[in-house]
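Under the working numbering, the residues of the sequence shown are numbered -6 to 77, in order.
Cβ atoms here follow ideal geometry from the backbone N, Cα and C, with glycine treated the same way.
Just so you know, these numbers come straight off a predicted model, no measurement behind them.
Inspection log for the structure reproduced underneath, given as structure tokens.
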Amino acid sequence: MTRAELKNAVLRILGTVAPEADLTHLKADVPFRDQLDVDSMDLLNFFIAIDKELHVDIPEADYPKAATLDGCVNYLSARLGGQT
-6 MTRAELKNAV LRILGTVAPE ADLTHLKADV PFRDQLDVDS MDLLNFFIAI DKELHVDIPE
54 ADYPKAATLD GCVNYLSARL GGQT
């Protein structure tokens, strides 16, 4: 999966958790919680959906690494073996 495909997948999954959010203006280096109207339960559901769709389990200790768009794409890329 390319980085662009990972980014699109993350945005699509994020859109299911925060359907009212305008993801076109999402800043890649700012935490999701600082930009979107999501709470900790929404973020948990986001990480569960990542696991379900992309088959990458993100342990709770790693949540901060995947808390931004760039961080999430980088994290998933590394976990998927850098095949992007």
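Q. CA-CA distance, residue 16 and residue 8?
A. The sequence position of residue 16 within the sequence shown is 23, counting from 1. The sequence position of residue 8 within the sequence shown is 15, counting from 1. Cα to Cα, residue 16 sits roughly 7 Å from residue 8.
Q | Residue-level contact to chain B via CB, residue 43, 8 Å cutoff | A | Of the protein chains in the structure, only one exists, and it is not chain B.
Q | CA-to-CA distance, residue 49 to residue 19, given in whole angstroms | A | Taking the sequence shown and counting its residues from 1, one reaches residue 19 at position 26. Taking the sequence shown and counting its residues from 1, one reaches residue 49 at position 56. Those two C-alpha atoms are separated by around 23 Å.
Q: Would you mind reading off the limits of the alpha helix (DSSP H) that contains residue 31?
A: Within the sequence shown, residue 31 is the residue found at index 38, counting from 1. No residue range can be given for residue 31, since it is assigned to no alpha helix (DSSP H) and is classified by DSSP as neither H nor E.
Q) Going by the beta-carbon positions, is the gap between residue -5 and residue 21 smaller than 8 Å? A) On the sequence shown, residue -5 is found 2 positions in, with the first residue counted as 1. On the sequence shown, residue 21 is found 28 positions in, with the first residue counted as 1. No. Outside cutoff.
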